[in-house]
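Novice: Handing you this structure, nothing more for now.
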Amino acid sequence: MIAVEQPQSPSLLKRSTSMFRRFSKRESRPVLPVSPGPSPLPSPRKLQRRPTNKDPTAKMITHLQTIEFSEKAPAVGSPRREVELRRRVLASDMRTMPFPASPCVQTVAWNVFLTPEQAYSLVMGFRPRETDDKWFIYSEGPDHSGKLKVHFHRSWTGMKIAELFVVIDLKGEGAGKIVGIKWDGSDQTNGLEQEEVKYMVSTACAFVLEISLENGVL
């Protein structure tokens, strides 16, 4: 077991944060379906606010942004890379740029169910290791109500392309749901439109995180 900790993001904890309330006013404590069949790994993969009492060696979580994960990522399909020890990607791992101050930065609802494995991958993020790895992905949260933001940047330039708004079931198996997406539709991204950015994010998730969002509702 490892404890992954990152600085608390005040913007995620403010009640005035409107993006999640806009898309999920009734989903602050979502009741999400659980995939049938046995779980591929035991409970250490859960995204929990506090450790269970079953493991006497478990570390007590004393910080809101501390999340406990298993040392190895859950197996998802037939991964391109070998399963390895993973460290959560941090915003400080690479130089990035925020969204431009432009009316072309847009936000819309997106309805995509996430399995615990998919939610885990989005939380952990991705740091490029090769020239062909064109994405840098990191997350903020989840906060006490399970709200998570996932940021998608181009690895070569640090340009921010998109941001996902996710709600994770902290009390269950760690499943989640994408409830919204924000993206840069300005000239610097050649005027990305809604369908294009959703396809781009889905492709990035498939290529570098090895998770499929093909069941998402556009």
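Per our numbering, residue 1420 is the first one in the sequence shown, and the count goes up by one each step.
Beta carbons are placed, not taken as given, at the ideal position from N, Cα and C, and that holds for glycine.
(1) Answer yes if the segment 1573–1590 comes into contact with the segment 1549–1557, meaning at least three C-beta pairs across the two stretches below 8 Å, and no otherwise.
(2) Nearest to E1536 by CA position, among E1614, G1595, T1515, V1569, is which residue?
(3) Count Cβ pairs between the segment 1585–1592 and the segment 1610–1617 that sit closer than 8 Å; are there 3 or more?
(4) Which residue from A1520, F1626, F1532, T1526 puts its Cα closest to that of G1593?
(5) Given this structure, state the Cα-to-Cα distance separating N1609 from K1601, to the nearest angstrom.
(6) Along the alpha helix (DSSP H) that carries K1617, what are the first and last residues, could you check?
(7) Closest to W1529 by C-alpha separation, out of M1619, V1627, D1606, L1583, would be which residue?
(8) Here's the rule: buried if 16 or more other CB atoms are within 10 angstroms of the residue's CB, otherwise exposed. What is G1599?
(9) With a Cβ-Cβ cutoff of 9 Å, do C1624 and L1567 count as a contact?
(10) Using 10 angstroms around the beta-carbon of A1538, count the other beta-carbons present and answer buried if the total reaches 16, otherwise exposed.
(11) By the three-class DSSP mapping on this structure, what secondary structure does E1582 have?
(12) From what residue to what residue does the alpha helix (DSSP H) around L1541 run?
(13) DSSP beta-bridge partners for R1573?
(14) What are the partner residues of T1526, as DSSP defines its beta bridges?
(15) Could you tell me how far apart the beta carbons of M1543 and R1505 are, in whole angstroms, since I believe they sit closer than 8 Å?
(16) Since I believe S1521 is in contact with S1605 (beta carbons under 8 Å), could you give me their beta-carbon distance rounded to a whole number of angstroms?
(17) Indicate the three-state DSSP secondary structure (helix, strand or coil) for F1518 in the structure shown.
(18) Whole angstroms are fine: how far does the CA of D1562 sit from the CA of S1621?
(19) Pull the bridge partners of K1568 from the DSSP assignment, please.
Specialist: Answer, in terms of the structure:
(1) yes
(2) G1595
(3) no
(4) F1532
(5) 16 Å
(6) 1613–1623
(7) L1583
(8) buried
(9) no
(10) buried
(11) strand
(12) 1535–1543
(13) W1554
(14) K1601
(15) 6 Å
(16) 5 Å
(17) coil
(18) 24 Å
(19) E1559, F1584
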